[in-house]
Structures are given as C-alpha cells and as structure tokens.
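A.B. asks: Be aware that the sequence shown starts at 0, since it is given in numbering that gives the first Met the number 0, and climbs by one per residue. The beta carbon of each residue, even a glycine, is placed where N, CA and C say it ideally should be.
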Amino acid sequence: MAIRDWPEGERPREKLLALGPEALSDAELLAIFLRVGVRGRSAVDLARDLLGAFGGLRPLLEADRERFCAEHGLGMAKFVQLQATLELSRRHLACQLGRGDALTSPSLVRAYLAAQLRHLGHEEFAALFLDSQHRVIRFESLFRGTLDSASVYPREVARRALELGAGAMIFAHNHPSGVAEPSDADRRITERLREALGLFEIRVLDHFVVGDGEVVSFAERGWI
Numbered sequence: 000m001a002i003r004d005w006p007e008g009e010r011p012r013e014k015l016l017a018l019g020p021e022a023l024s025d026a027e028l029l030a031i032f033l034r035v036g037v038r039g040r041s042a043v044d045l046a047r048d049l050l051g052a053f054g055g056l057r058p059l060l061e062a063d064r065e066r067f068c069a070e071h072g073l074g075m076a077k078f079v080q081l082q083a084t085l086e087l088s089r090r091h092l093a094c095q096l097g098r099g100d101a102l103t104s105p106s107l108v109r110a111y112l113a114a115q116l117r118h119l120g121h122e123e124f125a126a127l128f129l130d131s132q133h134r135v136i137r138f139e140s141l142f143r144g145t146l147d148s149a150s151v152y153p154r155e156v157a158r159r160a161l162e163l164g165a166g167a168m169i170f171a172h173n174h175p176s177g178v179a180e181p182s183d184a185d186r187r188i189t190e191r192l193r194e195a196l197g198l199f200e201i202r203v204l205d206h207f208v209v210g211d212g213e214v215v216s217f218a219e220r221g222w223i
C-alpha cells in the first residue's frame, strides 16, 4: 500500500508535523529523506530494507560514495543530498557552540566533537581554540594519523595557539576502533601539551576521546 493511502496519523510527514521529529523511527525519518520508494515498496519499506542492508542508521549515513550508490533505491543524487544535510548539521552545532562559553555547554561540546570526528576511518587529533573567557575562536584538525595512532607535536600546537591568540584549549581525537577508553599514550601526550602550553599561560581545559557510542572526558575523570 502506498503511503498516501495510509491513515494520516501514520504517514511520516504528517506524523512529524503533529508530534515532532523525535517521535519518528529511524525508518520513518529516512523515508522522509528518500521521498519515494521503489516498485512494490513504499519509502518506509525501502528505508527498512536499507537499514537492514547497512546494519543500522549510522553505517548508512557514514557509507562511502561507492557503497552508498550501489544500493537499490539510492544513487549519486541521494548521496550528494545526504552529505549536504550532514554538513549542515555539523555547521549548526558549530554555530551554537560559537555563540557562548564552551564550558557552560558540555553536552554541546561533546555533540560537536563527535559530529566532527566519529565518522572518520583514521585517527585525527583536533582542538577547540578558546579565548580567555572560554568562547570559541575556532575548531581545527591538527594532526592526522593512521588507523592506530597519530603523532602530536606540542610545539606546533603552542605555535598555532599563539597565532590565534588562544587563552585556553580543548583537545579531542577519535579512536577508529570505536573504543573510547583513553590509552596511556593519550594521557602522556595530554600532559606534554599541558606543560608546553602552560609556558605561555594557555590552559588545557579538557581532552575528549571519541568512540562509537561514547565520548570520554579527561576532566570528568580528574585527569586534568
């Protein structure tokens, strides 16, 4: 049965307008993105098929172009549309974070850093540069590593912080393995960064490790 023949309260678009997007399932939200189904399958049916084929929403959203476009019912136009939607979401988080004090919005900081780093298949070390009132100056990726490790150079980090006039910093890196538990090496490099930046009176406020379903804060663990 076509979606237009469903009861109005069960159609994804009408349901979203009546109850809000949080009331919809992954399949219903994806169906709105897809707009149409394929022969013999409604957009919701197709969405459920795709979620099953990819193993869930996140693998679908993070699929590379070749894998995404190979699936029946998708294609290059949908891939471009999805990438634009995801980037808009990241920029929206950046706008929210940039309006205020980063330390008063820990959940927003977490969400922003996860959006920037969680989908990467390689390890990347990044930083939020903050002014003396802890307002965001900018976010930058500083070092890119292999699947296992990234080389981080405190001298380069300090140089960039001075260029931007930063008074404080929040670091973040992802673990492509999906396990967010910080390693001994993560703790050592954080201490080296604190020492190097401390020479210029630049505070390290936190270091987040981004995994699949968790983002670990060094500050919350009492390590900073």
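1) With DSSP collapsed to three states, give me the class of Glu123.
2) Between which two residues does the beta strand (DSSP E) containing Val203 stretch?
3) Can you give the beta carbon distance from Leu129 to Gly166, rounded, assuming they're within the 8 Å contact cut?
4) Report, in whole angstroms, the separation of the C-beta atoms of Ala114 and Arg89, which I expect to be a contact under 8 Å.
5) So, for Ala179: in the same chain, excluding its five sequence neighbours on each side, which residues have a beta-carbon less than 7 Å away from its beta-carbon?
6) Count the other C-beta atoms from every protein chain shown that fall within 10 angstroms of the C-beta of Ala76, then say buried if there are 16 or more, exposed otherwise.
7) Cα-Cα, which of Leu33, Arg10 and Ile201 is closest to Leu23?
8) Counting only the same chain and skipping the five closest in sequence on each side, list residues whose C-beta sits under 7 Å from that of Tyr111.
9) Quick check: the segment 10–20 against the segment 28–44, are there 3 or more CB pairs under 8 Å?
10) Going by the DSSP bridge assignment, what does Ser140 pair with across the sheet?
11) Give me the residue from Leu161, Ala83, Glu86 and Gly36 with the minimum Cα distance to Glu70.
12) I'd like to check one pair, Leu161 with Ile136: are the Cβ atoms closer than 8 Å?
13) Taking the C-alpha atoms as reference points, what is the distance between Phe199 and Glu190?
14) Give every residue of the same chain whose Cβ lies closer than 8 Å to the Cβ of Ile223, excluding the five residues on either side of it in the sequence, and list them in chain order.
C.D. replies: Working from what's here:
1) If you number the sequence shown from 1, residue 123 lands on position 124. It is a strand residue.
2) The sequence position of residue 203 within the sequence shown is 204, counting from 1. Here the beta strand (DSSP E) through Val203 covers Arg202 to Val209.
3) Here residue 129 refers to the residue found at position 130 when the sequence shown is read from its first residue. Here residue 166 refers to the residue found at position 167 when the sequence shown is read from its first residue. Contact flag correct, Cβ pair sits at about 6 Å.
4) Position 115 of the sequence shown, counting from 1, holds the residue named residue 114. Position 90 of the sequence shown, counting from 1, holds the residue named residue 89. That belief holds up - the Cβ atoms of Ala114 and Arg89 are roughly 5 Å apart, short of 8 Å.
5) For the purposes of this step, residue 179 is taken as the residue at position 180 of the sequence shown. The residues are Val208, Val209, Gly210, Glu213, Val214 and Val215.
6) If you number the sequence shown from 1, residue 76 lands on position 77. Exposed: under 16 other Cβ atoms inside 10 Å.
7) If you number the sequence shown from 1, residue 23 lands on position 24. Ranking the options by Cα distance to Leu23, first place goes to Arg10.
8) As a first step, residue 111 must be located in the sequence shown, where it is residue number 112. The residues are Leu92, Ala93 and Leu96.
9) yes
10) Residue numbering aside, residue 140 sits at position 141 when the sequence shown is read from its first letter. In DSSP, Ser140 forms a bridge with Ala125.
11) Reading the sequence shown from its first residue, position 71 is the one you call residue 70. Nearest C-alpha to Glu70: Gly36.
12) Looking up residue 136 in the sequence shown gives position 137. Looking up residue 161 in the sequence shown gives position 162. Not a contact, by the Cβ cut-off of 8 Å.
13) Taking the first residue of the sequence shown as 1, we reach residue 199 at position 200. Taking the first residue of the sequence shown as 1, we reach residue 190 at position 191. Taking the straight line joining both Cα atoms gives about 15 Å.
14) Residue numbering aside, residue 223 sits at position 224 when the sequence shown is read from its first letter. Hits under 8 Å: Thr189, Arg193, Val203, Leu204, Asp205, His206 and Phe217.
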